[in-house]
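S.K.: Starting off with a structure, shown below.
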Amino acid sequence: YTEAMNQGLNPTDRRLDSYISYTENIGGGKTRVWAPHNANGTYSYKELTLKTAFAMSVNTIAVRVGMECGVHNIAQTAYAMGIKTKLNETRSMVLGSSEVNLLELVNSYCTVVNDGRYAMPMLVERIEDRDGNLIYQAKKKEKKAIPYRSAYLMQKMLEGGLSGTSSSLWHYVRPFYADTEFGGKTGTSNNHADAWFVGVTPGLVGGAWVGGEYPSIHFRTGQLGQGSKTALPIFGEFIQSVLSDENFSKYRKKFPPARGLDSRLWTGSGYTYTQRDTTSYDYDHSEPYDETEEAGNPFALEEQEQASPTEEDTGQDEGDEM
71 YTEAMNQGLN
81 PTDRRLDSYI
91 SYTENIGGGK
101 TRVWAPHNAN
111 GTYSYKELTL
121 KTAFAMSVNT
131 IAVRVGMECG
141 VHNIAQTAYA
151 MGIKTKLNET
161 RSMVLGSSEV
171 NLLELVNSYC
181 TVVNDGRYAM
191 PMLVERIEDR
201 DGNLIYQAKK
211 KEKKAIPYRS
221 AYLMQKMLEG
231 GLSGTSSSLW
241 HYVRPFYADT
251 EFGGKTGTSN
261 NHADAWFVGV
271 TPGLVGGAWV
281 GGEYPSIHFR
291 TGQLGQGSKT
301 ALPIFGEFIQ
311 SVLSDENFSK
321 YRKKFPPARG
331 LDSRLWTGSG
341 YTYTQRDTTS
351 YDYDHSEPYD
361 ETEEAGNPFA
371 LEEQEQASPT
381 EEDTGQDEGD
391 EM
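Going by this note's numbering, the final residue of the sequence shown carries number 392, and the count climbs one at a time with no gaps.
Below is the structure:
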């Protein structure tokens, strides 16, 4: 989605959520069909805004946007933002099928929060001897990675995530909403072996991964293993602890106003109500779905359009789509 913003798309642009497939050459004169699924295997057959598709992890739209932008272009943007692992430039990459480590994933989100500037992560910032004499001071290294416009629009997209698959973060940050803004994105592998969540505030970015040492170790169902159920609470407990401590009051702040951007790029009608689920296509419909309460939730945006309750358009995260 960041590369889509680079190429001039806006969060309020719309794409169709419907069945989509591609025929791929696998060598030896053989082909295979790749057809990305939404979480529950159904489609709304509606044109949804990109901010809705991002918030609700609608895979079909992520793939459509990815094919428009070009897989190679997306990979280059990911590298610029902080991804160091070599990505497999296949269609499924746009759903996060290439493995990356948590540090570089979080660092790429930092680039968005830093208004498009990539900063090299520092594990050791300063070393002093026992008398307080400075022995080592890390030098900050940063560079422009993506345009300010793209970074700001992705900040708004991440904030919108809390109206969708990341909405359960509201339970942790409710006391701080008056003076702090939040955003986030979930991720769940299609065999429910890996669950991710990256949360952002203007001053802090944090991520969590939950999974087994080997891919064969996984949760029994996607409902149990989704990022919003396993990884998100880890970040939630962390950010709640930090913001509750007056010693860290400097982290309680809001994103600066947009510089030279028309708010109509990200506002307006568009957040369509959809069932919240970020798991794989084998979601067990026999299990009751635990929806986050919306009463009093500021992330349940006022401009929501009501979709038919029979038209579900949730998505299957294979990793992370930012």
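Where is the CB? At the ideal position from N, CA and C, for every residue including glycine.
#1: Return the chain-ordered list of same chain residues with a C-beta closer than 7 Å to the C-beta of residue 288, the five sequence neighbours on each side being excluded.
#2: Straight-line CA distance for residue 125 to residue 81?
#3: Is it buried or exposed, residue 104, if we count other Cβ atoms within 10 angstroms and call 16 or more buried?
#4: Return the residue from the list 120, 196 and 268 that minimises the CA-CA distance to residue 210.
#5: Does the structure place the segment 92-111 close enough to the segment 147-157 that three or more beta carbon pairs sit under 8 Å?
#6: When you compare the CB positions of residue 208 and residue 187, do they come within less than 8 Å of one another, or not?
#7: On a CA-only basis, which of 268, 206 and 164 is nearest residue 138? Give me that one, please.
#8: Kindly identify the DSSP beta-bridge partner or partners of residue 197.
#9: Name the one or two DSSP bridge partners that residue 185 has.
#10: Within this structure, are the beta carbons of residue 336 and residue 301 separated by less than 8 Å?
#11: Can you name the start and end residues of the alpha helix (DSSP H) that residue 72 belongs to?
#12: For residue 113, collect the residues of the same chain with a Cβ closer than 7 Å to its Cβ; drop the 5 residues on either side in sequence, then sort them by chain order.
#13: For residue 320 and residue 272, which I take to be in contact (beta-carbon distance under 8 Å), what is that distance rounded to the nearest angstrom?
#14: Once the 5 residues before and after residue 203 are set aside, which same chain residues still bring their CB inside 6 Å of it?
#15: For the beta strand (DSSP E) that residue 265 lies in, which residues bound it at each end?
#16: When the distance is taken between beta carbons, is residue 79 closer than 8 Å to residue 120?
#17: Can you give me the C-alpha to C-alpha distance between residue 102 and residue 158, rounded to a whole angstrom?
M.R.: With the given structure in hand:
#1: Reading the sequence shown from its first residue, position 218 is the one you call residue 288. Around residue 288: 261, 262, 263, 282 and 295.
#2: As a first step, residue 125 must be located in the sequence shown, where it is residue number 55. As a first step, residue 81 must be located in the sequence shown, where it is residue number 11. Distance between the alpha carbons of residue 125 and residue 81: 11 Å.
#3: Within the sequence shown, numbered from 1, the residue matching residue 104 stands at position 34. Counting Cβ neighbours within 10 Å, residue 104 comes out exposed, since fewer than 16 surround it.
#4: Your numbering for residue 210 matches position 140 in the sequence shown. The shortest C-alpha separation from residue 210 is found at 196.
#5: no
#6: As a first step, residue 208 must be located in the sequence shown, where it is residue number 138. As a first step, residue 187 must be located in the sequence shown, where it is residue number 117. It is not a contact, given that the beta carbons lie outside the stated cut-off.
#7: Working through the sequence shown from its first residue, we reach residue 138 at position 68. Minimum Cα distance to residue 138 is reached at 164.
#8: For the purposes of this step, residue 197 is taken as the residue at position 127 of the sequence shown. Its beta-bridge partners are 206.
#9: In the sequence shown, residue 185 corresponds to position 115, counting from 1. Looking at the DSSP assignment, residue 185 forms no beta bridge with any residue, so it has no partner.
#10: Counting from 1 along the sequence shown, the entry for residue 336 is found at position 266. Counting from 1 along the sequence shown, the entry for residue 301 is found at position 231. No, the Cβ-Cβ distance between residue 336 and residue 301 is not below 8 Å.
#11: Position 2 of the sequence shown, counted from the start, is the residue given in the question as residue 72. Start and end: 72-76.
#12: Mapped onto the sequence shown, residue 113 falls at position 43. The residues are 87, 88, 89, 130 and 383.
#13: For the purposes of this step, residue 320 is taken as the residue at position 250 of the sequence shown. For the purposes of this step, residue 272 is taken as the residue at position 202 of the sequence shown. Actually they are not in contact, since the Cβ atoms of residue 320 and residue 272 sit about 10 Å apart, beyond 8 Å.
#14: As a working note, residue 203 is residue 133 in the sequence shown. Cβ neighbours of residue 203 beyond the five flanking positions: none.
#15: Here residue 265 corresponds to residue number 195 of the sequence shown, with the count starting at 1. 264-270 is the span of the beta strand (DSSP E), which, as asked, contains residue 265.
#16: Here residue 120 is taken as the residue at index 50 of the sequence shown, counted from 1. Here residue 79 is taken as the residue at index 9 of the sequence shown, counted from 1. Yes.
#17: Counting from 1 along the sequence shown, the entry for residue 102 is found at position 32. Counting from 1 along the sequence shown, the entry for residue 158 is found at position 88. For residue 102 and residue 158, the distance between alpha carbons rounds to 18 Å.
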